[in-house]
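To keep things clear, I will list the structure first and then write my remarks on it.
2 protein chains.
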Amino acid sequence: MTPTIRDVAKRLNLSITTVSRALDGYDDVAEETRERVKRVAREMGYVPSGAARQLRRKRSEAIGYILPTIQPRFSDPFFSEFIAGLGDEAASNNFDLLVSTAPPGEIAEQLLYERWTHSRRVDGMALSRMRRNDWRVEFLSSKKLPFVTMGSSLDSSSHPYIEVDARSGFSALVKHLVERGHRRIAFIGAQPDLMLQSVRLEGYRDGLEAAGIPFDEKLVAEGNLTRQGGFEAAQRLLAMPDPPSAIIGINDLTAIGAMNAAHEKGLAIGRDLAVAGYDGIEDAEHTRPPLTTLNQPVYDIARRLVRMLLALIASESLAEPQILLQPELIVRESTNP
Amino acid sequence: MTPTIRDVAKRLNLSITTVSRALDGYDDVAEETRERVKRVAREMGYVPSGAARQLRRKRSEAIGYILPTIQPRFSDPFFSEFIAGLGDEAASNNFDLLVSTAPPGEIAEQLLYERWTHSRRVDGMALSRMRRNDWRVEFLSSKKLPFVTMGSSLDSSSHPYIEVDARSGFSALVKHLVERGHRRIAFIGAQPDLMLQSVRLEGYRDGLEAAGIPFDEKLVAEGNLTRQGGFEAAQRLLAMPDPPSAIIGINDLTAIGAMNAAHEKGLAIGRDLAVAGYDGIEDAEHTRPPLTTLNQPVYDIARRLVRMLLALIASESLAEPQILLQPELIVRESTNP
DNA sequence: TCTTGCTTCCAAAACGTTTTGGAAAAATTA
DNA sequence: TAATTTTTCCAAAACGTTTTGGAAGCAAGA
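Those sequence lines, one after another, are chains A and B. Quick note: the first sequence uses numbering that gives the first Met the number 0, first residue 0, plus one each step. Quick note: the second sequence uses numbering that gives the first Met the number 0, first residue 0, plus one each step.
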């Protein structure tokens, strides 16, 4: 069996207290003893039992993240980047990352949050894809479990988050298209309960208003953040009697779907139809033509979120609890042939 | 504070033993009492402490997976699909998925494996991207920690795994290209220590041999499983005096990179140069032209791996410890204009 | 000599479960 | 009725740590 602290203590003729304190770096143990303890512990391959430590310390040294699995077999590069960021930063602080999956809004999701918070399997959580008046915010606040979010929600409660200013971003995107001579600019959005939908749609409207173009709701279609959703929405838009000359996708996947729909209709993207997205995923560099997009540094945001979360867990106060970043407009040939 | 089992017992005037056994479904508690216990427990919002349970049961009800983060900001759709599969299946068995990240082959990786196994934070592990004579296999075997792998390694020890028969797959891919009239078929591979490199390269050679085409090592280039790697390798291949008429990428990302290199050189893919990949990621459906590939059901494999792993953890014996699946050749316009 | 103050160690009490080995009460059998 | 079995409950002992509140030994000061 794997050795326990008792085995180490016995071998050293010391009490388990001293072993524990020696390894934890307390200063009431002689430097020479500490060295002996450390050496023997390593020799014996001793690693403290996570469960026992958690039970006693009442902390799990783990943070949680629940992946919103919409369809089975989903694959959105946003999430692998986000998880990599969470994992890297957690790992470099000796924290673990607990991941689970649940379809958003369903009962299973709620059960999972309850299980994790009540059983104290995690010391804190990271949330993404915020919804309007997200129940998770209220729930976690009431349970006093530290959490951080990517993007804000519409709650009055103001929790720590990092938000990318998508509103200005989309406005800038519209400006860019207007400068290229476009007047009929369509927008393919997402489910209306998502914060990113309201925010980005508003940015789109801001942009139109600034250019003096009246808002036309027939130019707004609903997708679902996937390629397929973008594809179908774009088909509908392009089948209109007076189709748009430019399409903005709420994210890159949507935009890529739209490009495919256009291509299938025989339109030359960039010339006949401009297309732009949001996210800055790697795929967007490799479409043909390459996709104009707004880049947000997902990996870095994830790492930074974890740092904030760890500070909260250590009940330090945050210098900057709400952070607003600007996305970077990357103009490529899909809007600039 | 969150209620403990003691609080529930006190409220019911029962012993904590009975509460525990009632909730765990033992049959030595009266049906009527069980109902009372369940009701009150729910009312009080009682959830057993994970740490205490783990400590006593000596099981963590969690499985681990370590993401091979090669570069910072990596995003390979393979992994989001794989993690979604692991997470979904684990969640539906009330298991948690512990994820961490480590660059493969470095000391940090080893430390992580040691920490997780010794501290018993996980009951078992899933591995992917197997290396030749993978030390992890030996390590986990010696620690007697259950594990399953996607793909086999070259170890004599035969652990449970699911392997996709990439060797036949690549052979079939070559056959397909030969039938389309190609004789100079290049292969862009990956780092030589990866199992998938040896296996897929062998499949490629099998295919050449079956077609009576001599193997030419100048047609084999090394990539790194990313688009960028594929792009650069393809540039080298296409700059040769007698360039290939077809390129096979070891995975879809590599192939997509190769398509871009060809496109940059003004070659019409499908007509001037055939390109094919392996994985069946969603991106491959949306390249222009769509990419011929070998599809492997990553999501399902991940779920199945977890089922195998849970059986191992419950020390059941597996009906089929080693599973070999056939990839499905999906011919698209990149090789079939 | 008796305090006082360090330094270095430790015994015992948590932490919140599950499990073991009965015991009391009720039901069945002889 | 007495003996046996079945049903239903429980006290106490783990599980492996960390933390609390000293205690022993020794040097320095009075």
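Quick reminder that beta carbons are idealized off the backbone N, C-alpha and C, glycines included.
Here A:R130 is bridged, per DSSP, to A:L193. Under a 10 Å Cβ-count criterion, B:Q196 is classified as buried, with 16 or more other Cβ atoms of the shown protein chains found around its own Cβ.
A contact is defined here as three or more CB-CB pairs under 8 Å, and the stretch 18-30 of chain A fails this definition with respect to the stretch 82-92 of chain A. Segment contact: the stretch 185-199 of chain B against the stretch 125-140 of chain B, three or more CB-CB distances shorter than 8 Å; contact assigned. Sequence-ordered contacts of the stretch 272-286 of chain A with chain B read I280, E281, D282, E284, H285 and T286 [C-beta pairs closer than 9 Å]. The beta-carbon of B:L97 is placed less than 8 Å from the nearest beta-carbon of chain A. Note: B:P67 is bridge-paired with B:A101 in the DSSP secondary-structure output. The way I'd put it, the stretch 254-265 of chain A doesn't touch the stretch 40-59 of chain A; fewer than three beta-carbon pairs between them come closer than 8 Å. Shown here, B:V46 sits in coil according to DSSP, grouped into three states, outside any helix or strand. When the beta-carbon positions are compared, A:A171 and A:L328 come within less than 8 Å of each other. CA-to-CA, the gap between B:T334 and B:P103 works out to about 34 Å. Segment contact: the stretch 267-286 of chain A against the stretch 242-250 of chain A, three or more CB-CB distances shorter than 8 Å; contact assigned. Flagged as an interface residue toward chain B: A:I255, by a C-beta distance shorter than 8 Å.
Counted as a single uninterrupted DSSP element, the beta strand (DSSP E) harbouring A:N294 occupies residues T292 to N294. The beta-carbon distance between A:G150 and A:L308, rounded to whole angstroms, is 15 Å. This is too long to meet the 8 Å contact definition. Rounded to the nearest angstrom, the gap between the Cα atoms of A:E332 and A:E284 is 10 Å. Distances from the CA of B:A257 to each of B:T286, B:D241 and B:R5 were compared; the closest alpha carbon is that of B:T286. Residue range F146 to M149 is occupied by the beta strand (DSSP E) that includes A:M149. Under the 10 Å beta carbon count, A:T148 is surrounded by 16 or more other beta carbons and is classified as buried. Taking 8 Å as the threshold, the shortest C-beta distance from B:N223 to chain A does not fall below it.
DSSP links B:E221 through a beta bridge to B:G188. Chain order gives the chain A residues near B:S79 as F73, S74, D75, P76, F78, S79 and I82, where near means a beta carbon separation below 8 Å. Here A:G168 is buried. Its C-beta has 16 or more other C-beta atoms within 10 Å. Under the three-state reduction of DSSP output, A:L328 falls in the strand class. Assigned with DSSP and collapsed to three states, B:D27 falls in coil, not helix or strand. Bounds of the beta strand (DSSP E) holding B:G248 are A245 to G248.
The beta carbon of B:S170 sits no closer than 8 Å to any beta carbon of chain A. Scanning its chain for C-beta atoms nearer than 7 Å, with the 5 sequence neighbours on each side dropped, one finds around A:L111 the residues I65, S99 and A101, in chain order. The three-state secondary structure of A:G265, taken from DSSP, is coil. Listed by position along chain A, the residues whose Cβ is nearer than 7 Å to that of B:Q53 are A50.
Residue pairing from DSSP places B:L323 in a beta bridge opposite B:E162. One alpha carbon belongs to A:E162, the other to A:I322, and they sit about 6 Å apart. Within the same chain, Cβ atoms closer than 8 Å to the Cβ of B:P213 are found at L207, the five residues on either side in sequence being excluded.
In the three-state reduction of the DSSP assignment, B:D122 falls in the coil class, being assigned neither a helical nor a strand state. Under the DSSP assignment, A:A275 falls in the beta strand (DSSP E) whose first and last residues are A273 to A275. Exposure of A:D23 is indicated by the presence of fewer than 16 other C-beta atoms within 10 angstroms of its C-beta.
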